[in-house]
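So the protein lines, in turn, are chains A and B.
Residue numbers for the first sequence follow my numbering, so the first one is 27 and each next one is one higher.
Residue numbers for the second sequence follow my numbering, so the first one is 438 and each next one is one higher.
All C-beta atoms in this analysis are idealised placements derived from N, C-alpha and C, irrespective of residue type, glycine included.
Keep in mind that this is a model prediction, so the values were computed, not measured.
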Amino acid sequence: LLEKSESFASMLRRSPLIQMGPAKDKIAVGQIFHVVEDDLYIDFGGKFHCVCKRPEVDGKKYQRGTRVRLRLLDLELTSRFLGAASDTTLLEADAVLLGLAESKQTKQN
Amino acid sequence: MDDHCGVNGLAWLEEQPRALGWIQSVSGPPLVPRRTRNLVRLGLLEKPLWLDVYAALPPLREPVYRVPRPRHGGARDPIAPIFYREDSVRARFYKVYGNGPRPFDLTQLNFKSTCQRFVEKYNELKEEGKIEEEKLFEETGKALLASGILLQRRGVDKVAQQEQQGAGSRDPALQLQLQMVLEELQEKRKDGKEQPPELAGAQKENPCPS
């Protein structure tokens, strides 16, 4: 199998992260990889995962492996405190859970 | 004194470990390789790969971490932002159409969002050169509509969203018709006329932001 090697710069240029641009208010699809009672740890492919509360509607459906729709707010929660030399990061992204991701049958394209 | 001349001399590698209580000079044999060598000699550590490499090719300066001096006068590390040519097209797309109808899937490398398709179509039409610069944007929108991708403009979001939710149950012909009616409606609103009666019957009434 001969795979033509693509440079990193070329791959970055057409990567979905660059296509998305600023993450504020963009809709993305993520997958739950860890559940702690009512907290859902969701990985959407960004640098960090996000943690969302289990919604009241269809609460039981949100288990490990469920695909969900998110509205991204921030790719990394950072802030600089007074007197600090650099930002402090929470190693977490920020997103709003919109609901379950639709299955392919309901889509029409 | 031993013949260790900073990091360039390799004699330190052959020395025997010194007795406890000997005051070590601050600049002597490099710390990490020296300690590692001692541990290997004692048998507490398996010989790491880099120890031979370090002995053969020592660095010019011992890689000790030095805290970077705080810069004064507002001097910053110059990191150029990454901008591509298609970013201007993308920015305009997001401003006019808001998010694409499809959610982003960042986990796949080959994922093509609606925005990316728009950009590629735009570049295609630009290279053909038949359409002028100002019209390129609208032409790309129409071309995408023709290939079946629905783009909702921002500002008519509420009405269009209702449509999108019910889209799964309607067939594409009706959907296209509704889209055309919606565009007519947009134009008529610009002229200040009232809503056409068919539209009011086909959809629920919704107060649109104007």
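Bounding residues of the alpha helix (DSSP H) (the contiguous stretch that carries residue i)
{"i": "Lys-30/A", "result": "Taken as a continuous stretch (DSSP letters only), Lys-30/A belongs to no alpha helix (DSSP H), as it is neither H nor E."}
{"i": "Gln-553/B", "result": "551-565"}
{"i": "Asp-64/A", "result": "From DSSP, Asp-64/A is part of no alpha helix (DSSP H); its letter is neither H nor E."}
{"i": "Tyr-491/B", "result": "486-493"}
{"i": "Leu-43/A", "result": "42-46"}
Cβ-Cβ distance between residue i and residue j below 8 angstroms
{"i": "Ala-54/A", "j": "Phe-541/B", "result": "yes"}
{"i": "Thr-551/B", "j": "Ile-586/B", "result": "yes"}
{"i": "Ala-49/A", "j": "Leu-116/A", "result": "no"}
{"i": "Leu-546/B", "j": "Met-37/A", "result": "yes"}
{"i": "Val-83/A", "j": "Tyr-67/A", "result": "no"}
{"i": "Arg-106/A", "j": "Phe-59/A", "result": "no"}
{"i": "Thr-577/B", "j": "Lys-558/B", "result": "yes"}
{"i": "Phe-74/A", "j": "Gly-56/A", "result": "no"}
{"i": "Gly-47/A", "j": "Arg-522/B", "result": "no"}
{"i": "Thr-104/A", "j": "Thr-92/A", "result": "no"}
Assumed close pair residue i, residue j - CB separation to whole angstroms, cut-off 8 angstroms
{"i": "Ala-121/A", "j": "Arg-97/A", "result": "6 angstroms"}
{"i": "Tyr-534/B", "j": "Gln-589/B", "result": "7 angstroms"}
{"i": "Thr-473/B", "j": "Leu-482/B", "result": "7 angstroms"}
{"i": "Gln-553/B", "j": "Gln-45/A", "result": "5 angstroms"}
{"i": "Arg-529/B", "j": "Phe-574/B", "result": "7 angstroms"}
For residue i, three-class secondary structure by DSSP
{"i": "Arg-478/B", "result": "helix"}
{"i": "Gln-57/A", "result": "strand"}
{"i": "Gly-535/B", "result": "coil"}
{"i": "Leu-543/B", "result": "coil"}
{"i": "Asp-51/A", "result": "coil"}
{"i": "Leu-108/A", "result": "coil"}
{"i": "Thr-577/B", "result": "helix"}
{"i": "Asp-524/B", "result": "helix"}
{"i": "Arg-513/B", "result": "coil"}
{"i": "Arg-503/B", "result": "coil"}
{"i": "Val-618/B", "result": "helix"}
Residue i: first and last residue of the uninterrupted beta strand (DSSP E) it sits in
{"i": "Lys-79/A", "result": "76-79"}
{"i": "Gly-125/A", "result": "120-126"}
{"i": "Val-94/A", "result": "93-100"}
Cβ neighbours of residue i in the same chain (closer than 8 angstroms, five flanking residues each side left out)
{"i": "Val-469/B", "result": "none"}
{"i": "Pro-538/B", "result": "Thr-551, Ile-586, Leu-587, Leu-588, Gln-589 and Gln-601"}
{"i": "Ala-512/B", "result": "none"}
{"i": "Leu-124/A", "result": "Ile-53, Val-94, Arg-95, Leu-96 and Arg-97"}
{"i": "Pro-81/A", "result": "Tyr-88, Leu-123 and Gly-125"}
{"i": "Glu-624/B", "result": "none"}
{"i": "Lys-484/B", "result": "Val-477"}
{"i": "Asp-20/A", "result": "Absent from the structure is residue 20/A, since the part of chain A shown begins at 27 and ends at 135."}
Cβ neighbours of residue i in the same chain (closer than 6 angstroms, five flanking residues each side left out)
{"i": "Lys-494/B", "result": "Here residue 494/B turns out to be Leu, not Lys, going by the sequence shown. Excluding sequence neighbours, Leu-494/B sits near nothing in its chain."}
Spatial neighbours of residue i in its chain, beta-carbon cut-off 7 angstroms, leaving aside the 5 residues before and after
{"i": "Gln-461/B", "result": "Reliability of the predicted coordinates at Gln-461/B is poor, the pLDDT of 47 falling under 50, and no value is obtained from them."}
{"i": "Tyr-491/B", "result": "Pro-470"}
{"i": "Lys-79/A", "result": "Asp-64 and Asp-65"}
{"i": "Ile-568/B", "result": "Leu-562 and Glu-576"}
{"i": "Arg-591/B", "result": "Val-533, Tyr-534 and Gly-535"}
{"i": "Gly-72/A", "result": "Leu-101 and Ala-119"}
Any C-beta of chain E under 8 angstroms from that of residue i
{"i": "Phe-107/A", "result": "The chain labelled as chain E is not found among the protein chains of the depicted structure, namely A and B."}
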